[in-house]
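Residue numbers (this note's numbering): 980 to 1461.
Backbone N, C-alpha and C define an ideal beta-carbon position, used for all residues, glycine too.
The next block holds one structure in the form of structure tokens; read it before the comments.
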């Protein structure tokens, strides 16, 4: 090592010298007694020479391996031909001497000579591995070495090694990296699932149902879009748990537990939407025709599709949120919990028609009867429960350890806290949303209540006119008969 290299090495801090040792394959932890900078520099000089020797040996081995296969085969053929000639000559000598079984005796002598030569080679190789042989080999290698082959410390090496260094006297930093990596992996997979299911649901509701004249109102799209945006933003706020789980997470979305669950959930959502739409079509007028290019008009079909699609989108978040044991769950992620619970409660308030003016403000029409309303509520509950049970069943079959680890840390306190949060949100929403007069006043200020009343009056007048015409026609017919 040159003086310039030694000077640069001495100006480095201790952790940078350790990084240089690690670069040549030496772990400083194996030498706990060596802590001073001077000792580390001496260790680097010794190990640097050994490293150069290894590189020199690899170089020699690589040079030997550069012999082509053709040369190797030709040498082997030449050696074999020489041995065959010697054996033939010996066989000829024994035959001329009158020996019986001359060929067998020649082969026996040939194998004896081969075995003796093999023993000599083994003894020579054994001598090379002794202390004297190793010392002679090292001395010869040192004579051939050039000082330029010694690894030189370069500027910036300390910066490269800095992210992998820690001032803590433990492996806590490694655990933190693993926890954060698992959290990132699980978050990415759950986002793939959520986006895939939401895209499939939206594709059906916005393309296939478009042929039936299904459209969403401005208030509906704005309100649900805001709540869904909050949910998407909150999903990425999940943090890893403080304790590293002994269970490994799933690494691919095509794992049977995830992929079969995704297909099953979409099938349930599709069947639920189909049943709800078919039930709503039974209450449409006989002369109903879908106006594909017309403006939005509230109707029973639009209201049912809006309610079912909202519940399905929220269910996708709740069911596919991974949570424990790799990251914080739904109860720790307050923004996500509040947005999902608020959307659930608001949708079921719409479906139960507990606040009629609220439904009118969100451009939803009243259900034809209580039986139909109860049927829609049952469909919504079935969609939520069936998808949740299917997802947990797939985990129980294909990855039971993850399922058991997810419920291992759940306590009664967590359940009570979740129930308390739902109760608080429900109370707040009914306090601010449960007043009919407030919504009527709001619609009156926006000019929508008068429009609804005008439409209702026009409809009543039209029905009355038709009835009077029918009655007049009937009376005229009776007069003519008389």
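(request) Check the DSSP bridge columns for residue 1306 and list the partner residues they point to. (result) 1219
(request) Pull up the distance between the alpha-carbon of residue 945 and that of residue 1384, whole angstroms please. (result) It is not possible to answer for residue 945, since the shown part of the chain is limited to 980 through 1461.
(request) For the segment 1012-1072, list the alpha helix (DSSP H) runs that are entirely contained and at least 4 residues long, ordered along the chain. (result) 1016-1044
(request) Have a look at 1226, 999, 1053 and 1007 and flag the residue whose alpha-carbon is nearest the alpha-carbon of residue 1379. (result) 1226
(request) Just mark residue 1071 as buried or exposed, buried being the case when its beta carbon has 16 or more other beta carbons within 10 Å. (result) exposed
(request) Taking residue 1180 as the reference, give the member of 1161, 1221 and 1252 with the closest Cα. (result) 1252
(message) Do residue 1021 and residue 1483 count as a contact pair if the criterion is CB distance below 8 Å?
(response) Since the first residue of the chain shown is 980 and the last is 1461, residue 1483 is not available in this structure.
(request) Express the C-alpha separation of residue 1401 and residue 1210 in angstroms, rounding to a whole number. (result) 16 Å
(request) Check residue 1275 in the structure and name its three-state DSSP category. (result) coil
(message) Going by beta-carbon coordinates alone, are residue 1323 and residue 1293 separated by less than 8 Å?
(response) yes
(message) Just to confirm, is the Cβ distance from residue 1329 to residue 1341 under 8 Å?
(response) yes
(request) Identify every run of the alpha helix (DSSP H) within the segment 1337-1389, keeping only runs that are complete inside it and at least 4 residues long; order them along the chain. (result) 1349-1377 and 1379-1387
(message) For residue 1330, report the span of its alpha helix (DSSP H) as first-last.
(response) 1313-1331
(message) Can you tell me whether residue 1149 is helix, strand or coil according to DSSP?
(response) coil
(message) What would DSSP say about residue 1258, mapped onto helix, strand or coil?
(response) helix
(message) Quick check on the burial criterion: 16 or more other C-beta atoms within 10 angstroms. Buried or exposed for residue 1451?
(response) For residue 1451, the pLDDT reaches just 49, beneath the cut-off of 50, and the residue's location in the model is therefore unreliable, although a value from the coordinates is still provided. Exposed.
(message) Given the structure, does residue 1338 come close to the ligand ADP, in the sense that its CB is under 7 Å from one of the ligand's heavy atoms?
(response) In the structure on display, the ligand ADP does not appear, and there are no ligands present to speak of.
(message) DSSP three-state label for residue 1009, please.
(response) helix
(message) Among the candidates 1317, 1386, 1326 and 1376, whose CA atom is the shortest distance from the CA of residue 1404?
(response) 1317
(message) What residue range does the alpha helix (DSSP H) around residue 1198 cover?
(response) 1197-1214
(message) Once DSSP output is grouped into helix, strand and coil, what is the label at residue 981?
(response) coil
(message) Closest to residue 1386 by C-alpha separation, out of 1377, 1301 and 1345, would be which residue?
(response) 1301
(request) Leaving out five residues on either side along the sequence, give the residues of the same chain with a beta carbon under 6 Å from the beta carbon of residue 1161. (result) 1228 and 1305
(message) Short of 6 Å in beta carbon distance, which residues of its chain neighbour residue 1373, apart from the five on each side in sequence? Order them along the chain.
(response) 1236, 1239 and 1240
(message) Tell me the rounded alpha-carbon separation between residue 1056 and residue 1095.
(response) 22 Å
(request) Mind the definition here: the segment 1347-1365 touches the segment 1253-1273 only if three or more C-beta pairs lie below 8 Å; say whether that holds. (result) yes
(message) Could you tell me the alpha carbon to alpha carbon distance between residue 1001 and residue 1007, rounded to whole angstroms?
(response) 8 Å
(message) Let's see if you can read the secondary structure: which residues bound the alpha helix (DSSP H) around residue 996?
(response) 993-1002
(request) Grab me the residues of residue 1005's own chain with a C-beta within less than 6 Å of its C-beta, minus the 5 sequence neighbours each way, in chain order. (result) 1026
(request) Spell out a yes or no on whether the segment 1197-1214 and the segment 1165-1173 are touching, meaning 3 or more CB-CB pairs, one atom from each, closer than 8 Å. (result) yes
(message) Taking its Cβ as the centre, do 16 or more other Cβ atoms sit within 10 Å of residue 1438, making it buried, or is it exposed?
(response) Interpretation of residue 1438 is limited by its pLDDT of 36, a score under 50 that renders its predicted location unreliable; the figure taken from the coordinates is listed afterwards. That one is exposed.
(request) Using beta-carbon positions only, say whether residue 1366 and residue 1247 come within less than 8 Å of one another. (result) yes
(message) Quick check: the Cα distance between residue 1073 and residue 1037, rounded to an integer number of angstroms?
(response) 49 Å
(request) Report the rounded CA-to-CA distance for residue 988 versus residue 1003, giving the unit in angstroms. (result) 14 Å
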